[in-house]
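Note sheet for the following structure.
Protein chains: 2
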Amino acid sequence: MNLRKTFLAAIAVATSAFSASALAQDQETYNLSLAQTWGPNTPILAETTKHFAEMAEKMSDGRLKIRIDPSSKHKAPFGIFDMVRSGQYDLGHTASYYYKGTIPNAMYFTTIPFGLTAPEMYSWFYYGGGMDLMEQVYRPYGLLSFPGGNTGNQMGGWFRKEIKSLDDLKGLKMRTPGLAGEVMSELGVAVTNIPPGELFSALERGTIDAAEWVGPALDFPMGFQQIAKYYYSGWQEPGAEVQFLVNEKTWDKLPADLQEILRVAMRTAAYDMYIESYHENAMAWDKMKENYPDVQHKVFPPEVINALRKTTDKLLEQYAEKDPMARKIISSQRDYLKIVRKWTNISDKAYLESSATE
Amino acid sequence: MNLRKTFLAAIAVATSAFSASALAQDQETYNLSLAQTWGPNTPILAETTKHFAEMAEKMSDGRLKIRIDPSSKHKAPFGIFDMVRSGQYDLGHTASYYYKGTIPNAMYFTTIPFGLTAPEMYSWFYYGGGMDLMEQVYRPYGLLSFPGGNTGNQMGGWFRKEIKSLDDLKGLKMRTPGLAGEVMSELGVAVTNIPPGELFSALERGTIDAAEWVGPALDFPMGFQQIAKYYYSGWQEPGAEVQFLVNEKTWDKLPADLQEILRVAMRTAAYDMYIESYHENAMAWDKMKENYPDVQHKVFPPEVINALRKTTDKLLEQYAEKDPMARKIISSQRDYLKIVRKWTNISDKAYLESSATE
Numbered sequence: 001m002n003l004r005k006t007f008l009a010a011i012a013v014a015t016s017a018f019s020a021s022a023l024a025q026d027q028e029t030y031n032l033s034l035a036q037t038w039g040p041n042t043p044i045l046a047e048t049t050k051h052f053a054e055m056a057e058k059m060s061d062g063r064l065k066i067r068i069d070p071s072s073k074h075k076a077p078f079g080i081f082d083m084v085r086s087g088q089y090d091l092g093h094t095a096s097y098y099y100k101g102t103i104p105n106a107m108y109f110t111t112i113p114f115g116l117t118a119p120e121m122y123s124w125f126y127y128g129g130g131m132d133l134m135e136q137v138y139r140p141y142g143l144l145s146f147p148g149g150n151t152g153n154q155m156g157g158w159f160r161k162e163i164k165s166l167d168d169l170k171g172l173k174m175r176t177p178g179l180a181g182e183v184m185s186e187l188g189v190a191v192t193n194i195p196p197g198e199l200f201s202a203l204e205r206g207t208i209d210a211a212e213w214v215g216p217a218l219d220f221p222m223g224f225q226q227i228a229k230y231y232y233s234g235w236q237e238p239g240a241e242v243q244f245l246v247n248e249k250t251w252d253k254l255p256a257d258l259q260e261i262l263r264v265a266m267r268t269a270a271y272d273m274y275i276e277s278y279h280e281n282a283m284a285w286d287k288m289k290e291n292y293p294d295v296q297h298k299v300f301p302p303e304v305i306n307a308l309r310k311t312t313d314k315l316l317e318q319y320a321e322k323d324p325m326a327r328k329i330i331s332s333q334r335d336y337l338k339i340v341r342k343w344t345n346i347s348d349k350a351y352l353e354s355s356a357t358e
Numbered sequence: 001m002n003l004r005k006t007f008l009a010a011i012a013v014a015t016s017a018f019s020a021s022a023l024a025q026d027q028e029t030y031n032l033s034l035a036q037t038w039g040p041n042t043p044i045l046a047e048t049t050k051h052f053a054e055m056a057e058k059m060s061d062g063r064l065k066i067r068i069d070p071s072s073k074h075k076a077p078f079g080i081f082d083m084v085r086s087g088q089y090d091l092g093h094t095a096s097y098y099y100k101g102t103i104p105n106a107m108y109f110t111t112i113p114f115g116l117t118a119p120e121m122y123s124w125f126y127y128g129g130g131m132d133l134m135e136q137v138y139r140p141y142g143l144l145s146f147p148g149g150n151t152g153n154q155m156g157g158w159f160r161k162e163i164k165s166l167d168d169l170k171g172l173k174m175r176t177p178g179l180a181g182e183v184m185s186e187l188g189v190a191v192t193n194i195p196p197g198e199l200f201s202a203l204e205r206g207t208i209d210a211a212e213w214v215g216p217a218l219d220f221p222m223g224f225q226q227i228a229k230y231y232y233s234g235w236q237e238p239g240a241e242v243q244f245l246v247n248e249k250t251w252d253k254l255p256a257d258l259q260e261i262l263r264v265a266m267r268t269a270a271y272d273m274y275i276e277s278y279h280e281n282a283m284a285w286d287k288m289k290e291n292y293p294d295v296q297h298k299v300f301p302p303e304v305i306n307a308l309r310k311t312t313d314k315l316l317e318q319y320a321e322k323d324p325m326a327r328k329i330i331s332s333q334r335d336y337l338k339i340v341r342k343w344t345n346i347s348d349k350a351y352l353e354s355s356a357t358e
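Residue numbers (UniProt numbering), protein chains in the order written: chain V, 1 to 358; chain X, 1 to 358.
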C-alpha cells in the first residue's frame with residue numbers, strides 16, 4: 001500500500017504535463033476521526049465501530065483511515081452530537097435519544113415504547129419513509145445520520161420483588177431512563193438516575209428495588225442476576241437503534257466511491273450489530289439460566305402493560321402537540337406499525353406460537 | 001470514470017521507467033458475469049442482484065463491472081451451481097435447495113422446516129458456525145458461498161377448504177416442493193409439481209386444491225387470493241435464505257480491496273433483501289385484506305402441526321443417517337435453535353404477545 005502510494009506520488013510529479021491533480025485527488029488518503037459514546041472495549045457497541053472502520057479501510061485499499069476515539073479519550077460520551085456538528089470529529093457513533101435536550105425530535109429514531117421491533121424498524125427506515133424523516137431532523141445541523149446498529153428487543157428490567165399489579169409499582173425505586181422513566185414515573189415509580197458503575201451496589205444495598213439496563217448480553221456482566229430474581233420482558237425499547245453521525249462538510253469532501261464505501265460499511269455494521277446482539281443475548285441468557293437457576297423470566301401482567309401503554313400514548317400525544325415534526329415522526333411510525341405488525345403476527349408470531357414445543 | 005481510465009493508461013505508457021504494471025493491475029477493470037435463477041424483473045429477488053451490482057460498481061469506482069444474466073438469457077434457472085462451478089459465470093444468485101440432486105447437503109443452508117427464523121438464521125451463519133459449515137460443503141466444488149437474502153417467514157399456502165384435522169390432508173392435491181413436499185406426502189397429501197405459470201389455472205380448475213408459494217408480496221401477483229379463501233401460516237420455511245455463489249478462480253484473481261467490496265456488497269444486499277421482503281409482505285398483506293375481505297388467515301391445528309413436526313424429524317433423521325455431513329449441519333442448526341429460541345421467546349415473542357392490542 002505504501003509502495004503504491006509512493007509510486008503514485010512519483011508519477012504525479014513525473015507527469016506534470018497531464019492534469020495530475022485528478023489522479024492525486026482520487027488517490028488521496030482521508031484520515032477521518034470518529035467519536036463514540038462507548039468505551040474502547042464495550043461489548044458489541046465498540047466492536048461495531050471497529051468492524052465498520054476495518055471494512056471501510058479494506059474496501060478503500062487504505063484511502064480511508066478512521067481513528068476511533070472512545071469516551072475514555074474525548075471524555076464526552078453524551079457530547080457526540082456537538083463534537084461532530086462542530087467538526088471536531090468527522091464521524092460519531094451514539095444513540096439519538098441521548099440528545100433529548102438539544103435535538104428532541106431525534107429520540108424517536110432510537111425507539112418508541114410499544115413501537116417497532118428491529119426488523120420492523122429497519123423496514124420503516126429503509127422502505128417506510130424513516131430515512132427521509134431522519135434527514136429532515138439532522139440536515140439543519142449540518143449532519144448526515146444513518147442507522148448504526150440495533151440492540152434487539154430490550155428487557156424490562158431486574159426486580160427484587162414480583163410485580164403482580166399496578167400497586168406493586170407504587171413507590172418502587174427504579175433505574176430506568178428516558179421516555180420509559182417518564183412513563184414509570186407517572187405510574188408512581190420513584191425513578192432515579194444512577195451511574196452505571198454504581199448500579200450493582202445500589203441494587204444490592206436496596207437504594208433501588210429494580211434496574212432496567214439492556215438485555216442478557218450486557219446485563220450479565222453487570223451482575224444483576226446475583227441479586228434480583230425476576231427478569232421481565234420489555235415494552236419500552238422493542239428495537240433500539242443506535243446511530244452514525246457524519247459531518248456534512250467531511251462527507252462533501254469525499255469522492256463518490258468513498259462516500260458509497262462509508263454508506264455501505266455503516267449499513268452492514270449496523271445490521272451486523274443487530275445479529276451479533278441477537279447471538280450474544282441468546283448465549284448470555286442460556287448461561288444465566290444454567291448458572292443462576294433462581295432467575296425467573298416474567299411478563300408484566302395485562303393490568304400493568306395496559307397502564308404503561310396508556311401512559312405512553314398520553315406522553316407521546318403531549319410531545320406531538322408541542323411540535324409538528326414530532327407528530328410527523330410519531331405518526332409515521334405508528335401508521336407503519338399498524339400495517340407491518342399484521343404481517344409480523346401472521347408470519348413470525350404465528351410460527352413461534354404454533355411451533356412452540358414447551 | 002472513462003476519462004480517468006484514459007488518463008491512467010496514458011500515464012502507464014508515459015512513465016514506463018516506473019514499474020507501471022503495478023498501477024495497471026491495481027486499476028484494472030474486472031468484468032464479471034452473474035447468472036441468476038430469477039427473471040430480469042422478478043420482484044425483490046432480481047432487485048437484490050441489481051442492488052448488489054450497483055453497490056459494488058460504485059464502491060470500486062467502476063473497477064468492478066457486473067453483468068447480470070437472468071433466466072431468460074441463460075435458460076438454466078436451476079443450473080446456476082454448474083455454470084458458476086465450470087467458470088461459465090463468475091457469480092451466481094440462486095437457492096441452495098434447488099441442487100438437492102447434485103449437492104444434497106446444500107439444502108440445509110436455505111432453511112429447515114420448524115427451523116430458524118431469519119434473524120436466528122443470520123445469527124447461526126455469522127456467529128454460530130454456519131459459514132464454516134457452508135464453506136466445507138461448497139469449497140470442494142471450487143465455489144465460495146455467501147448468504148444472498150432472506151424471504152422472511154414463508155406462508156404455509158393457499159387452501160380452498162379449511163384444514164381442521166389430519167384427515168383433511170388425506171388425498172388433498174397440493175403444490176409444495178422440496179422437503180415440505182416430502183413431509184406432506186407422508187401425511188397422505190398428493191403432492192404435485194406444476195410450473196409457476198400454470199399454478200393459478202390449476203387451482204382454479206381444481207387440478208390442485210392447495211398451493212404453497214412464498215408470502216403475500218410474491219403470492220399476490222399470482223392471484224391465489226381470487227380462488228382460495230384460507231391462507232395458512234407456515235411451518236416449512238421459517239427463514240429461507242437464497243445465496244450468492246462465487247467461482248474460486250475468479251475470487252483469487254481479484255485484489256484484496258475488490259474482494260472485500262464484493263463480500264460487503266453481498267452481505268448488505270442479503271440483509272436488505274430480508275428487510276425489503278418484510279416491507280413488501282406487509283404492504284401486500286394489507287392490500288389483500290382490503291381488496292379481498294373474504295381471505296381468512298388460519299393457523300394449522302395442533303394435531304396437524306404435531307404430525308408435520310414428527311414427520312419432519314423422521315425425514316431429517318433419515319438424511320442424517322445416510323451422511324455424516326448432513327448430520328453435522330442439521331445438528332448444528334438444531335442445537336443452535338435450542339439456545340437462540342429461548343431468547344426469541346422472552347424477547348420478541350413475549351413482547352408481541354404482551355403488547356398485542358387485538
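For each residue, glycine too, the CB sits at the ideal point set by N, CA and C.
Local conformation of V/Trp343 per DSSP, three classes: helix
Those runs of the beta strand (DSSP E) which lie wholly inside the stretch 209-238 of chain X and span at least 3 residues: 230-232
DSSP three-state assignment for X/Val295, whether helix, strand or coil: coil
X/Val183 vs X/Thr311 beta-carbon contact at 8 Å: yes
Runs of beta strand (DSSP E) wholly within the stretch 120-188 of chain X (minimum 3 residues, chain order): 143-150, 157-159 and 173-175
Enclosing alpha helix (DSSP H) for V/Ala350 [first to last residue]: Ala350 to Ser354
Contact list for V/Glu260 against chain X, beta-carbon separation under 8 Å: Met55, Lys58 and Met59
Cβ-Cβ distance between X/Met155 and X/Tyr231 below 8 Å: yes
X/Ser233: contacting residues in chain V (beta-carbon distance under 8 Å): Ile346, Ser347, Ala350, Tyr351 and Ser354
Proximal residues of chain V, C-beta to C-beta of X/Arg267 below 7 Å: Thr268
Supposed contact pair X/Phe244 and X/Gly148 - C-beta distance, whole angstroms, cut 8 Å: 4 Å
Three-state class that DSSP yields for X/Leu64 in the structure shown: strand
Neighbour flag for X/Asp132 against chain V, beta carbons, 8 Å: no
For X/Thr94, the first and last residue of its enclosing beta strand (DSSP E): Leu91 to Thr94
Any chain V beta carbon closer than 8 Å to X/Val246: no
The beta strand (DSSP E) enclosing X/Asn306, as first and last residue numbers: Segment Pro302 to Lys322 is the alpha helix (DSSP H) holding X/Asn306; no beta strand (DSSP E) there.
Expected contact under 8 Å - CB spacing of V/Arg267 and X/Thr268 to nearest Å: 5 Å
N- and C-terminal bounds of the alpha helix (DSSP H) containing V/Leu45: Leu45 to Met59
Same chain, Cβ closer than 8 Å to X/Thr250, neighbours up to 5 away in sequence not counted: Leu32, Gly87, Asp90 and Leu91
Cβ-based burial, V/Thr176 [other Cβ within 10 Å; buried from 16]: buried
C-beta neighbour in chain V for X/Trp343, strict 8 Å: yes
Interface flag, X/Val340 vs chain V, CB-CB below 8 Å: yes
Below-8 Å beta-carbon distance, V/Ala24 vs any chain X residue: With a pLDDT of only 43 at V/Ala24, under the threshold of 50, the placement of this residue in the model should not be trusted; the figure read from the coordinates follows. V/Ala24 does not count as touching chain X.
Amino acids of chain V, ordered along the chain, whose beta-carbon sits closer than 7 Å to that of X/Glu276: Tyr127
Within chain V, partners of X/Met283 - CB distance below 8 Å: Ile339
Whole-angstrom distance between X/Met121 and X/Leu337, CA atom to CA atom: 9 Å
Collapsed DSSP secondary structure at V/Ser277 in the structure displayed: helix
DSSP-derived helix/strand/coil call for X/Leu203: helix
Neighbour flag for X/Ile68 against chain V, beta carbons, 8 Å: no
Residue range of the unbroken beta strand (DSSP E) whose run includes V/Glu241: Glu241 to Asn247
Reference V/Asn281; option with closest CA among V/Gln27, V/Asn150, V/Gly178 and V/Gln226: V/Asn150
Test: V/Ile112 CB closer than 8 Å to a CB of chain X: no
Below-8 Å beta-carbon distance, V/Ser165 vs any chain X residue: no
Min CB distance X/Asp257 to chain V below 8 Å: yes
Integer-rounded CB distance, given that X/Thr48 should sit under 8 Å from X/His34: Inspection of the sequence shows that residue 34 of chain X is occupied by Leu rather than by His. Contact doesn't hold; Cβ gap of about 11 Å is too wide.
Chain V residues whose Cβ lies nearer than 7 Å to that of X/His297: Ile346
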